[in-house]
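Q: Below is a structure I'd like to ask you about.
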Amino acid sequence: MKPLIRLYEAKGDLSKKWFVSHYLEGKRKRVYGNINQGKTVEERRALAQIIIDDLNEVPPDITTIKEKCFNNLHARHGRWRKKTYQSYKSKLVNFWRWIGEREPTPELCKQFFNELGNTKHPTTHNDYLVMLRRLFKPIGQESLFDGITRIKSKYTPARYFQEHQIKRIKNYVIERDPDLWFFIQFIYYCFIRPGELRLLRVGDIHFEERRILLRSEVSKNRMEQYVAIPAPFLPAIIHLKRLSPNQLIFPSSTDQTKPCGVNTYSGRHRKVLRALDFGSQYKLYSWKHTGAVMAVKAGIGVKALQLQLRHHSLDQVNEYLRQLGVGDLEQLEKKFPEI
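Reading the sequence shown from the start, the letters are residues 0 to 338 in numbering that gives the first Met the number 0.
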């Protein structure tokens, strides 16, 4: 890949210094040589052309920036979660697909992010910026993204289901896809993420203690954690006691020894929402939010909710509830003094 080479001639002003600028592996370099010894515009251009010709003859680096980036990514393959690795890989592939055969420069990177900002959600723009910087930094090319800033964005979680909506969906799903309803209940009662659920085994359920273990290799944050089994949920899972502890609770339909597909239940849930004419703001993850909202309405304390949500602080729980539009508003509505 040849460097981008350009002569800066100060609009023909001989009182200023001229130089040849070129980008090599994302870094801008200036070469003055003996250009400024020229007494006329023609002489300086001729001297500059000698430098340009020399630069064009320099063979490209065998290990390009692109190769270094992917080598850096591949080195993290065993250390990152599969989903994390795939997310970084897809963004790196998209970036280089856009760059094509050009040498990446700060100007090109700004163009790339300008297009992202105009066509994608701010969160997507910001994710690209964080991930690309992280991959380019170890190879000394983080400066390619200098001057590119995050776009302010407001996180909008999936909507929670209201009580009348819950009844409608429940009746529909129980009749047509009872296994999906079983999956939903784990999310609603225990706040277990879909990606964690597919890896859960019968032995992870401690029936006597009414706890479910999220093993470190299952938990999103790689920490071993427990969640409680609420009383209304216990009858739905009691039948699992007779199964082998090593049995996956949600195995693949074609191989019981392997977990179901990453998007198996979300796809089935999406079909239900589409059939019932729910908008795109509702998702499978909405059941976690629904469980949290219903818990607050039932008077469950924020500390207990924190443990079940596996949030690291009460502030995080309060912010989570604020984003969902709930909190102590019911007390405010009922007890606000009249003026």
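Positions of the beta carbon are idealized from the N, C-alpha and C atoms, including for glycine. In this text the structure is predicted, and so the values were computed from the model without any measurement.
What first and last residue would you give for the alpha helix (DSSP H) that runs through ALA274?
A: To locate residue 274, count along the sequence shown from 1; it is residue 275. Residues 263 to 274.
Q: Suppose only complete runs of 4+ residues qualify. What are the alpha helix (DSSP H) ranges in the region 76 to 132, listed by chain order?
A: 81 to 98 and 105 to 118
Q: Would you identify the three-state DSSP class for TYR319, choosing helix, strand or coil?
A: By one-based count along the sequence shown, residue 319 stands at place 320. Note: TYR319 maps to helix in three-state DSSP.
Q: Quick one: grab the DSSP three-state call for LYS1.
A: Here residue 1 refers to the residue found at position 2 of the sequence shown. Because the pLDDT at LYS1 is just 44, under 50, the model does not fix this residue reliably, and the value given afterwards should be weighed accordingly. Three-state result, LYS1: coil.
Q: Got a sec, what are the start and stop residues for the alpha helix (DSSP H) GLN224 sits in?
A: Taking the sequence shown and counting its residues from 1, the one referred to as residue 224 is at position 225. That residue, GLN224, is in no alpha helix (DSSP H); its beta strand (DSSP E) goes 224 to 227.
Q: Is DSSP giving ARG241 helix, strand or coil here?
A: Against the sequence shown, residue 241 aligns to sequence position 242. In this structure, DSSP gives ARG241 a helical state, which the three-state scheme calls helix.
Q: Would you kindly work out how many angstroms separate the C-alpha atoms of LEU72 and TRP286, rounded to a whole number?
A: As a first step, residue 72 is located in the sequence shown; it is residue number 73 there, counting from the start. As a first step, residue 286 is located in the sequence shown; it is residue number 287 there, counting from the start. Spanning the alpha carbons of LEU72 and TRP286 requires a straight line of approximately 34 Å.
Q: Nearest CA to the CA of LYS219: which residue from ARG27, TRP79 and VAL40?
A: By one-based count along the sequence shown, residue 219 stands at place 220. Ranking ARG27, TRP79 and VAL40 by Cα distance to LYS219 puts TRP79 first.
Q: How big is the Cα-Cα spacing for ILE61 and VAL217?
A: Reading the sequence shown from its first residue, position 62 is the one you call residue 61. Reading the sequence shown from its first residue, position 218 is the one you call residue 217. Here the model assigns ILE61 a pLDDT of 46, short of 50, so the residue's position is not dependable and the matter cannot be decided.
Q: Tell me VAL301's beta-bridge partners as DSSP assigns them.
A: Mapped onto the sequence shown, residue 301 falls at position 302. The partner list for VAL301 (beta bridge, DSSP) is empty, contrary to what the question assumes.
Q: Between the alpha carbons of ARG209 and ILE64, how many angstroms are there, rounded?
A: In the sequence shown, the residue the question calls residue 209 occupies position 210. In the sequence shown, the residue the question calls residue 64 occupies position 65. About 53 Å.
Q: Looking at the secondary structure, which residues open and close the alpha helix (DSSP H) in which LEU212 lies?
A: By 1-based counting over the sequence shown, the position of residue 212 is 213. LEU212 -> not in any alpha helix (DSSP H); beta strand (DSSP E) instead, spanning 210 to 213.
Q: Restricting to Cα atoms, I'd like to know which of THR83, ASP126 and MET222 is closest to ARG309.
A: Numbered from 1 along the sequence shown, position 310 holds the residue referred to as residue 309. For ARG309, the nearest C-alpha among the options comes from MET222.
Q: Assign VAL92 to one of two classes, buried (16 or more other C-beta atoms within 10 Å of its C-beta) or exposed (fewer than that).
A: Within the sequence shown, residue 92 is the residue found at index 93, counting from 1. So VAL92 counts as exposed.
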